[in-house]
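Engineer: Pasting a structure here, questions to come.
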Amino acid sequence: TVAANSGDLGYALGLVTVLTGAFSGSYLVVRGVSVGRVFYPLSAVALILLFFLLFGQSFSDLYNVSEYSIFTIVGSVSVGTIILRDQNSVTDRVLWMGTVAVLTLLVILVPADSVDSGGDGGVLLLGMLSVLHIGSGTLAIKRKSPSLAGVTVLLPWSWIIAEQFIQEAVRTLLISNDLEDPGSIIEMDPGPLAIYLLICSVMMILVNERMGKVDVNLASKFLGISEISASIRDSGALQLWSLGLWLPMVSIMFLAQFGAFTSLTLLMVVGALWGMHTLAHFRGVRMGSLDMMIGTIIVTAMIIQWRHGMGEYISILICIILVTNLLIGRQDKEMFTVSMGSMGIALLLMVPDREISTYLEGFSSLPVLDSPIVAICSTAAILGIYLPKSGSTDELLKPALSSLWLMSICIAVAYVQGNSTYLAISILMFMVATIWLVAKGELRRELKTVTKMSERRAMALKKANDGNEGADLATYDAREAEMMATRRKSREKSETDDVEELYTSDISHKPIIVIAVMILVFISGIVLGLTTGPNPVLLLGVGVFVTVLIAIARFRTKQLELDLPHFLGMEMPIAIGISGLVAMHISSLLGPGASNMDLSSMGVLTILIMELCLISLYQQDNMLDRIPIAVDWFIYSLLADRFLGVILYESMPWPLRVDPFSGDSLEWEIPLLGLELCLLLAVLVSYWIGELRENKGREHEHGIAVGMRSLTVILLSTGIAAIVAILYSINHGWRRKLPDAVGIAILGMAMSMISIGSWADSISGITGEIYILMGIILLVMLASTLLTKGDRWSGMLSTNAHLLLIVGSIASGLAFMIPIFLILLSTTVWVIGILQLRKSLRALGLFDLLVAIITSAVFYGGILFQPHVFLIGLSIIALELGIISWLGLSNEDSLAKS
């Protein structure tokens, strides 16, 4: 009957009221309420309303209200009053099930059409539902009923989702069967819907707060038998406070997808819901995890922003929530990390330039806000709270990285918008904040390192005092032995007899923030280099900023008498700085506009690396060990930069093939001149340090180290510095009897001929002949080692003689001389191998002879088998073998012993 008369709303609801009164009265009597207490009020109201139905037509006509509507209103109020009067006799189950039933009937019976269709926009339905939710909430508070609280919190949001699902299922079914689309069953205008949801939100907060510490959790009955059920139970996701946040957000996003909101009403509802939960948490009445609350807000904010835009407004709301949380709530490392990370995620979606998938009504009427301004203000607000507290947190890395993430996103937003002013402000904020973090943020970690240093010094003092007491029995100190081994392995540390210095050898302070900032800056620079190409100004700016960070870190550690950790002998921040600058330069060479004739970026890189190497020497004690390390880092970094640049699309000029006078003065000549001067300075400093080490009785550097340093200079130099490096290496190796240094210098001399020949035509045409002359000289010197007892030089001289004679023959076009040179080399090397008892030289002599025979067939194949030529060849071989045999027999005993 109710469904049949649903067209007359007053009549249908009147029937529902009569049925509700009849069933409610019967239920109260069954629950023990006296018949008279129920029967007389219901009968009296029924008679009055029946009289009104019969004789109230004139009243209805006067106020344009049907008599059935008045019957429904008065009857429902009467029935509700009777039930509430004896509500202690009613179980919670009946009340919450009745609430659900009434809501279902209202949704089905009360029409809700849009204003454009002649309806009220759902005002009547939403108003009646609001009264229902207020009533259920009041009962939940009064009765302390978890079930009624759950209905009040969940029902307003769940029925909307259920209605939409049913509606879409029915429409899909009808359309798939070629029937007419009935359209939306319930059409609600955005304004009334927003007011209804705001009322529901307020009731939800009031109910949850007044329930006190009941902490309703729908998963509390989960046994936790499986990991999934236990995780759901313990996570608090189904706790009423948590449900009161994520379920409304799901409903709001669901409705927004179907256009139930305007942009303004969506922001109002979302902002109010977030704000109420945040204030409840600050007042200490909200149960549940703050991290889960913020996570839910951030996820829903990202979805709304991605689908409907309004990123600037969403970011402002999130910023207000996070700032309020930090000002009033917790200020620990986890909260700072979560807050800055969340703010960065909110700003991240403003970076890409994309089309919004679903525009809401009224989107264009919202005031336009500049994304960079929102990003800068939001970032500055959160950093303003974090930075003064940064030095007081125990764990520094996570919040520091989170702050760097936030500032990077802020810079990205400004960069994408293309406004140079905003970009400069965001970069300046990044620089100021990072410098603050470097200067103030590591206070606790520094104090811990200082404490550890003091403990070690106390141990060293105790050991020294014990030694002064003259203990008769010496004991083995494992820590001292360990520290001595550590110092021997460390290139930057020399051996020492000072017990205090020995005990503190492994203590250093790692500046985590400096390293993190530098890595972030270099990654950004690499990306910009790949996308924009070489940019000397950018490289210089990054280098200056990194220098400031390193200087602050070194100043702080030196003030506290601490050391920085080292990598390959260099302080770790400086090593990272040099490596990062090289990586930035290399990446820029892969970008657009790169040219191997523009070396301006290389010139800037050279200056920056030189400057960082000089900083590594400032306020250091063991300069005799530190300076060679700085020189090696300078030249080897530039060598790596050059070779990587050559390999990657030949974006750098090839080593040994550079004409310093063939390009533009600013982009070519000046960078090469600066590089040459720096290389010359490096060689002279190496020579000076070598002399000082010798005068002080220190162990000299190994020959290979000196030779490789000179070879690196030769590969980078255009000539002058290479010559000085060769002279230095030969002098160093000859005076200290280091064949490796002299041998590498000789090869470097040959390479320098190519380098000089690139810009001196008089030398480029005779390079091969010079190589042959050098090879012959070395061959003579090799033979003279028999007279001068220079056994240690034989291996180096034979190796270089082979290389120079063979390469020189090929380079000069005299390749046919290779067999002759090999015969000379074979005889000389073999003889020396016998007389100096060197197996390797004897084997090399035999190998030379075999190769000489093979190459003779290659170069002289046309005349080799002529009788007189063949006889000469056999005679030469026989002569050599005869000499070898005679010497072998003469020294048979010595050879057998060797």
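Numbers in the working numbering are just positions in the sequence shown, counted from 1, shifted up by 365.
Note that beta-carbon positions come from the ideal geometry of N, C-alpha and C, so glycine has one too.
1. Just the C-alpha distance for Cys1043 and Gly1010, rounded to the nearest angstrom, thanks.
2. Pick out whichever of Pro930, Met569, Gly1113 has its Cα sitting closest to the Cα of Pro511.
3. Pick helix, strand or coil for His874, following the three-state DSSP scheme.
4. State the beta-bridge partners of Thr1287 as determined by DSSP.
5. Going straight from the alpha carbon of Ile473 to that of Phe530, what length do you get?
6. Among residues of its own chain, excluding the 5 on either side of Val886, which ones have a beta-carbon nearer than 8 Å to its beta-carbon?
7. Which residues in the same chain as Gly1122 place their Cβ atom closer than 7 Å to its Cβ, once the five residues preceding and following it in sequence are excluded?
8. Give me the DSSP bridge partner(s) of Phe932.
9. Consult DSSP for Thr456 and reduce its assignment to one of helix, strand or coil.
10. Helix, strand or coil: which one does DSSP assign to Gln985?
11. Per DSSP, Glu726 forms a beta bridge with which residues?
12. Given this structure, state the Cα-to-Cα distance separating Asp1258 from Ile1249, to the nearest angstrom.
13. Nearest by alpha-carbon distance to Leu955: which of Met1139, Glu1015, Ala1243 is it?
14. Please state whether the Cβ-Cβ distance between Val572 and Gly500 is less than 8 Å.
15. If you reduce the DSSP assignment to three classes, tell me which class Gln604 lands in.
16. Which residues bound the alpha helix (DSSP H) around Lys509?
17. Assign Pro1264 to one of two classes, buried (16 or more other C-beta atoms within 10 Å of its C-beta) or exposed (fewer than that).
18. Taking the straight line between their C-alpha atoms, what separation do you get for Ala1125 and Val1172?
19. Here's the rule I'm using: 16 or more other beta-carbon atoms within 10 Å means buried, otherwise exposed. How should Phe1235 be labelled?
20. Within a Cβ cutoff of 8 Å, which residues of the same chain sit near Gly483, ignoring the five residues on either side of it in sequence?
21. Helix, strand or coil: how does DSSP classify Arg1058 here?
22. So what does DSSP say about Thr1083, is it helix, strand or coil?
23. Taking only the alpha-carbon atoms, compute the straight-line gap between Arg921 and Ala804 and give it to the nearest angstrom.
24. Determine the contact status of Gly486 and Ile551, defining contact as a CB-CB distance below 8 Å.
25. Just how far apart, CA to CA, sit Leu544 and Leu538?
26. Mind checking Phe623: buried by the 16 CB within 10 Å criterion, or exposed?
27. The alpha helix (DSSP H) spanning Ser767 covers which residue range?
28. Under three-state DSSP, which class holds Phe1212?
29. Which of the three DSSP states is assigned to Met1146 in this structure?
30. In this structure, does DSSP put Ala1125 in helix, strand or coil?
31. How close, in whole Å, do the beta carbons of Thr689 and Thr643 come, if the pair is a contact with beta carbons under 8 Å?
32. Have a look at Ile685 and Leu826 and give me their C-alpha separation to the nearest angstrom.
33. Among the candidates Ile668, Leu692, Met618, Ser607, whose CA atom is the shortest distance from the CA of Phe647?
34. Between Met667 and the rest of its own chain, which residues show a CB-CB distance below 8 Å, the 5 nearest in sequence each way excluded?
35. Among the candidates His1065, Ile679, Glu926, Leu1138, whose CA atom is the shortest distance from the CA of Asp990?
36. Looking at the structure shown, is Pro717 part of a helix, part of a strand, or coil, going by DSSP?
Structural biologist: Here's the rundown:
1. Position 678 of the sequence shown, counting from 1, holds the residue named residue 1043. Position 645 of the sequence shown, counting from 1, holds the residue named residue 1010. Distance between the alpha carbons of Cys1043 and Gly1010: 20 Å.
2. Locating residue 511 in the sequence shown gives position 146, counting from the first residue. The option with the nearest alpha carbon to Pro511 is Met569.
3. Within the sequence shown, numbered from 1, the residue matching residue 874 stands at position 509. DSSP places His874 in coil when its eight states are reduced to three.
4. A question about residue 1287 goes unanswered here, because the residues of the chain that appear run from 366 up to 1263.
5. By 1-based counting over the sequence shown, the position of residue 473 is 108. By 1-based counting over the sequence shown, the position of residue 530 is 165. Going by the C-alpha atoms only, they are around 15 Å apart.
6. In the sequence shown, the residue the question calls residue 886 occupies position 521. Excluding residues within five positions, the ones whose Cβ falls inside 8 Å are Val907, Phe910, Val911, Gly945.
7. Start at 1 with the first residue of the sequence shown, and residue 1122 comes out as number 757. Excluding sequence neighbours, Gly1122 sits near Ile1128, Ser1129, Thr1132.
8. In the sequence shown, residue 932 corresponds to position 567, counting from 1. BP columns for Phe932 point to Met935.
9. On the sequence shown, position 91 is the one that residue 456 refers to. Looking at Thr456 - three-state DSSP - the assignment turns out to be coil, as it is neither helix nor strand.
10. Indexing the sequence shown from 1 puts residue 985 at position 620. It is coil, neither helix nor strand.
11. Start at 1 with the first residue of the sequence shown, and residue 726 comes out as number 361. BP columns for Glu726 point to Thr627.
12. Taking the sequence shown and counting its residues from 1, the one referred to as residue 1258 is at position 893. Taking the sequence shown and counting its residues from 1, the one referred to as residue 1249 is at position 884. Distance between the alpha carbons of Asp1258 and Ile1249: 15 Å.
13. Indexing the sequence shown from 1 puts residue 955 at position 590. For the residues Met1139, Glu1015, Ala1243, the minimum Cα distance to Leu955 belongs to Glu1015.
14. Stepping through the sequence shown from its first residue, residue 572 is reached at position 207. Stepping through the sequence shown from its first residue, residue 500 is reached at position 135. For Val572 and Gly500, no; Cβs fall outside 8 Å.
15. Along the sequence shown, one-based indexing puts residue 604 at 239. The answer is strand: DSSP assigns Gln604 an E or B state.
16. Within the sequence shown, the letter at position 144 stands for residue 509. Premise fails: Lys509 is in no alpha helix (DSSP H) and is neither H nor E.
17. The shown model of the chain, from 366 to 1263, leaves out residue 1264, and the question about it has no answer.
18. Here residue 1125 corresponds to residue number 760 of the sequence shown, with the count starting at 1. Here residue 1172 corresponds to residue number 807 of the sequence shown, with the count starting at 1. Ala1125 and Val1172: Cα-Cα distance of roughly 20 Å.
19. Here the question's residue 1235 lines up with position 870 in the sequence shown. Per the 10 Å Cβ criterion, exposed.
20. Residue 483 sits at position 118 when you count from the first residue of the sequence shown. So the list is empty, once near-sequence residues are dropped.
21. Taking the first residue of the sequence shown as position 1, residue 1058 is located at position 693. It is helical.
22. Locating residue 1083 in the sequence shown gives position 718, counting from the first residue. The answer is coil: DSSP assigns Thr1083 none of H, G, I, E or B.
23. The residue given as residue 921 occupies position 556 in the sequence shown. The residue given as residue 804 occupies position 439 in the sequence shown. Computed Cα separation, rounded: 7 Å.
24. For the purposes of this step, residue 486 is taken as the residue at position 121 of the sequence shown. For the purposes of this step, residue 551 is taken as the residue at position 186 of the sequence shown. No, they are not a contact pair.
25. Working through the sequence shown from its first residue, we reach residue 544 at position 179. Working through the sequence shown from its first residue, we reach residue 538 at position 173. Cα to Cα, Leu544 sits roughly 9 Å from Leu538.
26. The count along the sequence shown starts at 1 and reaches residue 623 at position 258. Exposed: under 16 other Cβ atoms inside 10 Å.
27. Numbered from its first residue, the sequence shown carries residue 767 at position 402. Note, Ser767: alpha helix (DSSP H), 762 to 782.
28. Position 847 of the sequence shown, counting from 1, holds the residue named residue 1212. Phe1212: helix per DSSP, three-state reduction.
29. Stepping through the sequence shown from its first residue, residue 1146 is reached at position 781. In the structure shown, Met1146 sits in a helix (DSSP, three-state: H, G or I).
30. The residue you call residue 1125 lines up with position 760 of the sequence shown. Reduced to three states, the DSSP call for Ala1125 is coil.
31. Here residue 689 is taken as the residue at index 324 of the sequence shown, counted from 1. Here residue 643 is taken as the residue at index 278 of the sequence shown, counted from 1. Indeed, because the Cβ distance is near 6 Å, the residues count as touching under 8 Å.
32. One-based indexing of the sequence shown puts residue 685 at position 320. One-based indexing of the sequence shown puts residue 826 at position 461. Looking at the two C-alpha atoms, the distance is approximately 56 Å.
33. For the purposes of this step, residue 647 is taken as residue 282 along the sequence shown, with counting starting at 1. Comparing Cα positions, the closest option is Leu692.
34. Locating residue 667 in the sequence shown gives position 302, where the first residue counts as 1. Closer than 8 Å at the Cβ level, and outside the excluded window around Met667, lie Ile710, Ala711, Leu714.
35. Against the sequence shown, residue 990 aligns to sequence position 625. When only C-alpha atoms are compared, the closest one is His1065.
36. Locating residue 717 in the sequence shown gives position 352, where the first residue counts as 1. Pro717 falls in the coil class under three-state DSSP.
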